[in-house]
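Q:
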Amino acid sequence: MRSLRIYFLLLAGLMLASEIVHAGAWTQKRGRGYYELKFYFINANRFYEPDGRIIDIPTLAEYTTSFYGEYGLNDWLTVMGDFPYL
Numbered sequence: 025m026r027s028l029r030i031y032f033l034l035l036a037g038l039m040l041a042s043e044i045v046h047a048g049a050w051t052q053k054r055g056r057g058y059y060e061l062k063f064y065f066i067n068a069n070r071f072y073e074p075d076g077r078i079i080d081i082p083t084l085a086e087y088t089t090s091f092y093g094e095y096g097l098n099d100w101l102t103v104m105g106d107f108p109y110l
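Our numbering puts the first residue of the sequence shown at 25, with every later residue one more than the last.
(1) With a threshold of 6 angstroms on Cβ separation, who are the neighbours of Ile-66 within its own chain once the five nearest residues in sequence on each side are excluded?
(2) Is it the case that the Cβ atoms of Leu-61 and Phe-91 are separated by a distance below 8 angstroms?
(3) Over the uninterrupted beta strand (DSSP E) stretch that includes Ala-68, give me the two end residues.
(4) When burial is assigned at 16 or more other CB atoms within 10 Å of the CB, is Thr-102 buried or exposed?
(5) Compute the Euclidean distance between the alpha carbons of Ala-49 and Tyr-109, then round it to the nearest angstrom.
(6) In the DSSP assignment, what residue or residues form a beta bridge with Gly-37?
(7) Please identify the residue among Phe-71, Gly-96, Asp-75 whose C-alpha is closest to the C-alpha of Leu-84.
(8) In the DSSP assignment, find the beta strand (DSSP E) that holds Ala-85 and state where it starts and stops.
(9) If I measure Cβ to Cβ from Arg-56 and keep anything under 7 angstroms in the same chain, skipping five residues before and after, which residues do I get?
Spelled out as C-alpha cells, the structure:
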C-alpha cells in the first residue's frame, strides 16, 4: 500500500512538473550556464476612459524582479529554472 502511494505521488509530481520539461534549441556545455536577472518597474497615476477622457487615480506602482537560469550538468543535459516573481 505504501509503495502504491509513493508511485501516485511521484506520478502527480511528474505531471505537475511536465510544463518545465521540454527540449530546447541547444544544451549548455558541462559546467557552463546562462543566467538572466531582470527588473521591471511600472507606474501609473492616470486612467483612460473608453471615450478617451483622462481620470486621475491614486498612484499604482509595481516592482518586479525575475531570474532565469540554465546550467549544463553534462554536454547533453541542461537544467533550467525560471522564477518570474522574486
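We put the beta carbon where it would ideally sit given N, CA and C, even for glycine. A quick note: this is a predicted structure, and the numbers were derived from the prediction, not measured.
A: Looking at the atomic coordinates:
(1) Here residue 66 corresponds to residue number 42 of the sequence shown, with the count starting at 1. Glu-86, listed in sequence order.
(2) Stepping through the sequence shown from its first residue, residue 61 is reached at position 37. Stepping through the sequence shown from its first residue, residue 91 is reached at position 67. In contact: Leu-61 and Phe-91 (Cβ atoms closer than 8 angstroms).
(3) By 1-based counting over the sequence shown, the position of residue 68 is 44. From DSSP, the beta strand (DSSP E) with Ala-68 extends over 57 to 72.
(4) Counting from 1 along the sequence shown, the entry for residue 102 is found at position 78. Flag for Thr-102 reads buried.
(5) The sequence position of residue 49 within the sequence shown is 25, counting from 1. The sequence position of residue 109 within the sequence shown is 85, counting from 1. So the two alpha carbons sit approximately 25 angstroms from each other.
(6) The sequence position of residue 37 within the sequence shown is 13, counting from 1. Its beta-bridge partners do not exist; DSSP assigns none.
(7) Within the sequence shown, the letter at position 60 stands for residue 84. Ranking the options by Cα distance to Leu-84, first place goes to Phe-71.
(8) Position 61 of the sequence shown, counting from 1, holds the residue named residue 85. Element bounds for Ala-85: 78 to 98.
(9) The residue you call residue 56 lines up with position 32 of the sequence shown. Only Gly-96 meet the Cβ criterion.
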